[in-house]
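Below is one structure, written out as structure tokens, with a few remarks after it.
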Amino acid sequence: MLPPGIYLWETGVEPIVSPVTIEQVAESCSGWAKDINDMGPWGDPVDINGHGVFRKSGQHLDTVVVVVGECSTTMEVARYLADASLIDEWGAVVSVAQRSGRGQMRRPWVSPPGNLYVSVLLPEMPQSGPWESALPQLLSLYCGYVIASAMEVVGGALQIKWPNDLLQKDRKVGGMLIESAGTLNILGFGLNLDYSPPDQQMREDRAVPAAKIEIDSTVTGPLSLWWHLVNRFKNVYEDVLDELDPPEFLSALLDKMAWVGHRVEIRESGDISFYAVVVGVSTDGGLIIRKAEGEAVLYSGSIAPL
1 MLPPGIYLWE TGVEPIVSPV TIEQVAESCS GWAKDINDMG PWGDPVDING HGVFRKSGQH
61 LDTVVVVVGE CSTTMEVARY LADASLIDEW GAVVSVAQRS GRGQMRRPWV SPPGNLYVSV
121 LLPEMPQSGP WESALPQLLS LYCGYVIASA MEVVGGALQI KWPNDLLQKD RKVGGMLIES
181 AGTLNILGFG LNLDYSPPDQ QMREDRAVPA AKIEIDSTVT GPLSLWWHLV NRFKNVYEDV
241 LDELDPPEFL SALLDKMAWV GHRVEIRESG DISFYAVVVG VSTDGGLIIR KAEGEAVLYS
301 GSIAPL
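Counting in UniProt numbering, the sequence shown runs from 1 upward without gaps.
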């Protein structure tokens with residue numbers, strides 16, 4: 001297991017992670033150039049457990065963060081490192097770019113250098129108490145709440161667009177995805193820190209346009225952003241489980257949800273759409289809506305503001 005700290009994985013492992021030098025990371029964009037400088041000095045290359053060459057940052061951190069260059073997806077890298085027993089819960093992977101980034105419904109997610117692409121190993125699910133059965137059904141929205149709360153430390157006011165988009169001023173600035181295998185749950189998410197696709201490159205059926213996130217100027221790049229977030233992220237995740245029961249959490253979640261109390265367009269499969277008011281979230285993660293004939297719970301589909 002890697003000791004706590006920030007590491008650059010120079011050799012990587014093909015075809016998941018391409019090899020990269022510290023100079024190449026710095027040259028990828030201005031944000032990464034600042035991060036490499038600010039997180040230094042970087043130690044000498046060290047071969048760790050036969051898994052390749054790593055360099056450790058001189059910056060202190062209580063968890064493990066592995067920085068990679070271009071990769072397939074940060075989720076695949078995190079799974080590889082977990083299987084190799086190099087990272088465990090709260091260990092994270094931050095990449096410069098992704099070749100196969102994906103979002104809701106496994107749609108391609110354009111992932112150039114400059115934005116934050118991170119995957120983090122979540123702790124095991126509670127084995128008792130009120131959250132034992134509730135958290136698996138609410139995990140995506142729970143993580144959305146944690147991300148939105150953590151972003152407050154860098155001045156990023158976010159809202160969650162059910163089920164897994166992150167909005168700022170009604171524009172999409174990020175998204176998240178959870179993949180599970182046995183007891184391993186990996187949260188992957190991205191934030192548009194430096195680049196967002198222009199409106200003309202977005203899908204015609206998109207719910208909202210994209211934008212770059214607005215945050216404090218203290219954040220210099222993707223790694224700097226995760227360095228600011230990680231401890232707050234971990235603390236919020238654990239504190240909510242300790243201090244709130246599921247109904248109390250669902251009440252708190254309303255403050256972070258987009259368009260609660262507002263009428264929206266709901267698009268189901270094909271060309272089917274209708275209008276309803278967003279009411280809240282059910283105990284199993286569905287979106288509670290109010291139509292003319294009464295309340296209903298939505299489990300699939302897309303919502304868009306009017």
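Ideal Cβ placement from N, Cα and C applies to all residues, glycine included.
query	result
Whole-number beta carbon distance between L287 and V278, since they are thought to touch under 8 Å	7 Å
Beta-carbon separation (whole angstroms), I213 vs L193, contact threshold 8 Å	6 Å
The stretch 47-66 / the stretch 1-16 touching (three or more Cβ pairs under 8 Å)	yes
Straight-line Cα distance separating L167 from F233	18 Å
The stretch 145-159 / the stretch 120-135 touching (three or more Cβ pairs under 8 Å)	no
Cβ-based neighbour list, S95, same chain, cut-off 6 Å, excluding 5 preceding and 5 following	V68, C71, T74 and Y117
Three-way DSSP call (helix, strand, coil) for I6 in this model	strand
For N185, the nearest candidate out of A82, C29 and H51 (CA to CA)	A82
Pick from T11, P130 and P163 that is closest to V77, judged by C-alpha positions	T11
Beta-carbon gap between A148 and I160 smaller than 8 Å	yes
Beta bridge counterpart(s) of A92 as assigned by DSSP	V65 and V120
Assigned exposure category for V17 - 16 Cβ within 10 Å defines buried	buried
Alpha carbon of D284 to alpha carbon of A33, nearest angstrom	43 Å
Straight-line gap, D47 to V64 (C-alpha atoms, nearest Å)	17 Å
Within 8 Å, strictly: CB atoms of C143 and L187	yes
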